[in-house]
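Input: a single structure, listed below in structure tokens.
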Amino acid sequence: MSGKLIHEVIPVGMLQCNCSILGDPVTREAIVVDPGDDVGRIVEILKTHGLKVRAIVSTHTHIDHVGGLAELHRATGAPVMIHEADMELYKHLDIQAQWLGVATPAMTRIEDFVKEGDAVRWGGFAARVLHTPGHTPGSISLVIEPGASGTAWTEGSRSDDRVNERPAQTRTVAAPGILLAGDTLFQRSIGRADLWGGSAPQILKSIREKLLVLPEETIVFPGHGDTTTIGEEREQNPFLRS
Numbered sequence: 004m005s006g007k008l009i010h011e012v013i014p015v016g017m018l019q020c021n022c023s024i025l026g027d028p029v030t031r032e033a034i035v036v037d038p039g040d041d042v043g044r045i046v047e048i049l050k051t052h053g054l055k056v057r058a059i060v061s062t063h064t065h066i067d068h069v070g071g072l073a074e075l076h077r078a079t080g081a082p083v084m085i086h087e088a089d090m091e092l093y094k095h096l097d098i099q100a101q102w103l104g105v106a107t108p109a110m111t112r113i114e115d116f117v118k119e120g121d122a123v124r125w126g127g128f129a130a131r132v133l134h135t136p137g138h139t140p141g142s143i144s145l146v147i148e149p150g151a152s153g154t155a156w157t158e159g160s161r162s163d164d165r166v167n168e169r170p171a172q173t174r175t176v177a178a179p180g181i182l183l184a185g186d187t188l189f190q191r192s193i194g195r196a197d198l199w200g201g202s203a204p205q206i207l208k209s210i211r212e213k214l215l216v217l218p219e220e221t222i223v224f225p226g227h228g229d230t231t232t233i234g235e236e237r238e239q240n241p242f243l244r245s
């Protein structure tokens with residue numbers, strides 16, 4: 004089994020969704036999470052690391068997280084995975100685009116659904132699926148357990164073309180668990196619950212019962228913005244105070 008995880012995070016699209024590329028440096032298998040746009044950049048990073056995509060996963064089907072699904076599927080042939088409860092939202096991508104005043108992105112056929120407790124696997128790694136509704140009915144979070152395949156991963160710096168056009172640099176870091184939280188939990192904030200299918204009580208329940216029970220050192224990669232940890236959000240997130 005592999006000892007390091009390649010993890011590149013790039014903000015993509017108009018709303019700067021954090022897209023994660025996670026790869027096994029031994030088998031060169033990978034998954035891509037939340038390819039909302041800028042698929043050309045994603046493909047270039049995959050080529051840089053010599054990665055073959057085994058799965059494309061969206062944490063939910065808001066347009067900024069799924070706008071690049073069809074293009075990346077065509078480029079890689081990898082199956083697209085969402086939670087089935089968000090399928091209805093994906094079917095109305097045209098309405099989402101109209102609301103934002105942008106062109107409707109190409110859509111792809113989705114036949115692979117994930118649910119609570121499933122594992123998305125690539126190489127020697129696996130991400131455990133948590134169903135965390137509230138932002139949308141089918142919102143999910145992905146957990147990579149500490150030591151899931153060795154004791155360290157190689158983490159890519161955020162590649163933000165607005166400030167740095169060079170390829171993301173990598174470094175080897177100790178390996179607590181990591182959480183890809185989508186738009187459920189942010190640094191000192193939580194996801195919106197006022198859009199279609201959203202529920203404030205439900206998102207708070209998801210966070211408290213599914214995310215805050217993770218080890219405090221778990222590194223949180225939100226769907227937008229900067230990283231945080233579970234421990235920091237337990238102590239400092241104003242939306243989670245009783």
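One gets my numbering by counting positions in the sequence shown from 1 and adding 3 to each.
For glycine and all other residues, C-beta sits at the position ideal for the given N, C-alpha and C.
Short check: CB of E219 to CB of I233, under 7 Å?
-> yes
List the endpoints of the continuous beta strand (DSSP E) containing E235.
-> Careful: E235 lies outside any beta strand (DSSP E), inside the alpha helix (DSSP H) at 233 to 239.
State buried or exposed for P170, treating a residue as buried only when at least 16 other CB atoms are found within 10 Å of its CB.
-> In this predicted model, P170 has a pLDDT of only 38, less than 50, meaning its place in the structure is not dependable enough to derive any value.
Pick out whichever of A73, V117, W102, T64 has its Cα sitting closest to the Cα of A109.
-> A73
For I85 versus S61, is the C-beta distance shorter than 7 Å?
-> yes
Rounded C-alpha distance that separates Q19 from D97 | 20 Å
Own chain residues within Cβ distance below 7 Å of T111, not counting five before or after | Same-chain partners within the cutoff: L72, A73, H76, V83.
Pick helix, strand or coil for I113, following the three-state DSSP scheme.
-> coil
Simplified DSSP assignment, three categories, for Q172 = Low local confidence applies: a pLDDT of 37 at Q172 is under 50, so the model's placement there is unreliable, and no value is given.
Just curious, the alpha helix (DSSP H) that G43 is in, first and last residue?
-> 42 to 52
According to DSSP, residues forming a beta bridge with P225 = Paired residues: G185.
Check whether the Cβ atoms of H63 and D89 lie closer than 7 Å to each other.
-> yes
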